[in-house]
Ligand code: GDP
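Residue numbers (the UniProt record's numbering): 1 to 530.
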């Protein structure tokens with residue numbers, strides 16, 4: 001490889017950070033996103049994030065949501081520069097449209113920022129999303145938000161994170177008071193206090209008071225400083241000190257306190273991202289590990305978004321670059337299809353007002369227009385037969401049986417569901433008698449699929465409730481066990497879109513009993529795309 005290119009790749013990779021924000025709805029993900037963009041100088045886009053969210057709030061009607069898709073494509077990935085680093089922030093849908101997309105997006109990041117509402121602590125969605133990060137030991141930075149409100153005790157919050165999420169907390173900043181008496185945070189590593197000043201408008205450097213014993217603290221915050229000093233001493237004694245290796249291994253999370261709406265504590269999170277979060281990492285491509293600095297281009301599709309114009313079946317495949325350099329108009333090898341594909345006019349996601357970016361490197365996301373050639377999990381290379389792994393299907397939590405109003409349209413229904421299943425909009429299972437069962441993680445997925453079947457395939461489908469608790473992918477130890485299982489459990493068996501055997505449990509109890517009955521059969525809650 002040319003020395004100049006090698007050097008360029010090494011530099012570009014080293015300065016990239018690709019992350020997502022995970023949070024329970026209302027914890028402050030949108031606000032933090034906007035503030036991060038503000039600090040990154042991408043103010044224009046900040047408005048877009050808010051617009052998208054309010055549009056979503058205004059209506060749960062899917063067609064209306066659909067109208068926002070133009071916005072939603074551009075704010076799905078937000079790239080901006082901060083102190084010489086290129087930051088890719090991947091949006092993880094977390095509201096009404098919460099679905100499998102969220103999970104898959106997390107396979108394309110190298111780090112995650114977890115936002116916790118300080119009044120509420122760890123909430124249901126936080127737990128789920130963290131479990132997904134766990135699958136790949138993704139490093140997590142924690143931001144405890146809304147300190148300007150009446151909130152819970154910091155020790156109690158950290159204790160909850162440690163016990164519920166099973167991750168060690170290393171406080172980096174410690175709050176001084178809260179609510180109306182929120183005075184700021186003390187930085188444990190820098191030994192200085194950052195003074196809180198409310199205000200949403202623009203980024204301002206926080207006032208700094210050096211040292212914990214500084215009498216200025218006593219003069220300024222006489223009522224709060226005593227408790228703060230005690231708490232910091234106790235935190236130093238009782239909690240883990242920050243250890244980079246532990247963080248990178250996903251075992252420890254550095255914790256920051258702040259108030260996103262007041263721009264307070266946001267800069268510290270950005271600093272942690274560039275100082276500690278990993279640059280694009282080597283990725284498992286099945287046959288071998290691919291290094292981000294390799295000369296040849298490679299990557300995978302982790303999300304598909306259907307375009308606004310249903311007549312053209314135009315889709316955007318969100319593609320994570322894993323190695324080499326993407327350049328506009330280049331040709332790539334579509335490994336699954338076994339043929340070449342020209343990558344012209346892929347969307348890149350520079351949030352700043354700059355010239356359209358003509359190239360991308362490992363860690364970057366590009367949006368590739370296609371008409372269904374690209375599916376979730378597809379790998380593109382410069383010729384090598386790689387297959388990036390790790391994009392999961394999760395056992396659905398909601399099930400519906402698909403039925404037709406017009407039985408003559410069975411063929412269109414099959415075709416439509418197969419294609420929507422391949423696209424990842426929904427999971428499709430075929431039962432013994434050929435009936436189709438749909439599985440989803442978010443209920444909006446059913447609405448979207450019904451609407452798309454109608455508009456794109458001309459099929460009116462009814463989705464009826466199915467008495468299924470969960471699905472598990474089956475791995476048999478041997479042929480004899482498979483035959484026995486299939487004979488005895490025929491009523492509860494199905495195949496997924498790729499033909500893999502699936503067990504449909506009617507209840508948790510049913511699942512447990514069956515697992516006990518067949519101890520050598522594996523019942524998996526996730527499976528990877530091909
Ligand atoms: P998301 O649902 O996680 O994206 O949350 P949002 O960013 O939309 O925030 C939810 C609500 O909390 C909004 O009304 C915000 O204005 C508010 N909020 C966000 N950050 C803060 C904060 O630091 N302090 C206070 N008091 N409110 C906040």
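For every residue, glycine included, the Cβ atom is placed at its ideal position computed from N, Cα and C.
Rounded C-alpha distance that separates residue i from residue j
i, j, result
"residue 287", "residue 362", "19 angstroms"
"residue 277", "residue 135", "18 angstroms"
"residue 10", "residue 31", "33 angstroms"
"residue 157", "residue 146", "13 angstroms"
"residue 253", "residue 161", "10 angstroms"
"residue 385", "residue 233", "55 angstroms"
"residue 469", "residue 33", "36 angstroms"
"residue 275", "residue 195", "22 angstroms"
"residue 293", "residue 8", "9 angstroms"
"residue 42", "residue 16", "17 angstroms"
"residue 176", "residue 113", "22 angstroms"
"residue 447", "residue 420", "13 angstroms"
"residue 513", "residue 507", "10 angstroms"
"residue 398", "residue 27", "25 angstroms"
"residue 279", "residue 369", "27 angstroms"
"residue 335", "residue 380", "6 angstroms"
"residue 166", "residue 246", "13 angstroms"
"residue 38", "residue 435", "51 angstroms"
"residue 139", "residue 154", "22 angstroms"
"residue 487", "residue 330", "52 angstroms"
"residue 455", "residue 360", "35 angstroms"
"residue 484", "residue 467", "24 angstroms"
"residue 337", "residue 394", "25 angstroms"
"residue 262", "residue 198", "5 angstroms"
"residue 504", "residue 392", "19 angstroms"
"residue 221", "residue 272", "27 angstroms"
"residue 237", "residue 474", "47 angstroms"
8 angstroms CB neighbourhood of residue i in its chain, flanking five on each side removed
i, result
"residue 191", "210, 211 and 212"
"residue 418", "428 and 497"
Beta-bridge partners of residue i, as assigned by DSSP
i, result
"residue 289", "284"
"residue 379", "300"
"residue 337", "DSSP lists no partner for residue 337."
"residue 33", "Residue 33 pairs with nothing; no bridge assigned."
"residue 455", "Its beta-bridge partners do not exist; DSSP assigns none."
"residue 187", "173 and 192"
"residue 80", "87"
"residue 473", "502 and 524"
"residue 439", "399 and 427"
"residue 17", "87"
"residue 110", "Residue 110 is not bridged to any residue."
"residue 168", "252"
CA nearest to the CA of residue i, picked from the options
i, options, result
"residue 534", "162, 92 and 494", "One cannot answer for residue 534 here, as it falls past the ends of the chain, which runs 1 to 530."
"residue 206", "258, 227 and 238", "258"
"residue 173", "149, 315 and 242", "242"
"residue 86", "181, 246, 401 and 270", "270"
"residue 35", "267, 440, 317 and 90", "267"
"residue 477", "509, 522, 456 and 440", "522"
"residue 105", "250, 262, 227 and 365", "365"
"residue 133", "80, 244, 251 and 143", "251"
"residue 103", "500, 440 and 185", "440"
"residue 185", "326, 223 and 208", "208"
"residue 498", "445, 405, 429 and 223", "429"
"residue 143", "264, 435, 437 and 332", "264"
"residue 424", "220, 305 and 236", "305"
"residue 501", "510, 511, 296 and 490", "490"
"residue 348", "76, 4 and 111", "76"
"residue 350", "509, 367 and 343", "367"
"residue 438", "402, 407 and 461", "402"
"residue 18", "4, 81 and 29", "81"
"residue 371", "471, 315 and 342", "315"
Nonlocal neighbours in the same chain, by C-beta distance under 7 angstroms from residue i, ignoring five residues either side
i, result
"residue 290", "282, 283, 298, 322, 323 and 386"
"residue 59", "Reliability fails at residue 59, whose pLDDT of 39 lies under 50, so the model's placement of it is uncertain and no value is given."
"residue 465", "400"
"residue 390", "107, 136, 284 and 528"
"residue 92", "20, 21, 22, 102, 105 and 106"
"residue 121", "152, 157 and 160"
"residue 115", "21, 23, 27, 28, 29, 32, 143 and 145"
Neighbourhood of residue i by C-beta distance below 6 angstroms, restricted to the same chain and skipping five residues each side
i, result
"residue 459", "409, 412, 413, 416 and 453"
"residue 301", "317, 319, 374, 376 and 378"
"residue 24", "123, 125 and 126"
"residue 89", "78"
"residue 516", "none"
"residue 225", "217 and 218"
Any C-beta of chain B under 8 angstroms from that of residue i
i, result
"residue 161", "Any reference to chain B falls outside this structure, which holds one protein chain only."
Any non-hydrogen atom of the ligand NAP closer than 7 angstroms to residue i Cβ
i, result
"residue 183", "No copy of the ligand NAP appears in this structure; the ligands present are the ligand GDP."
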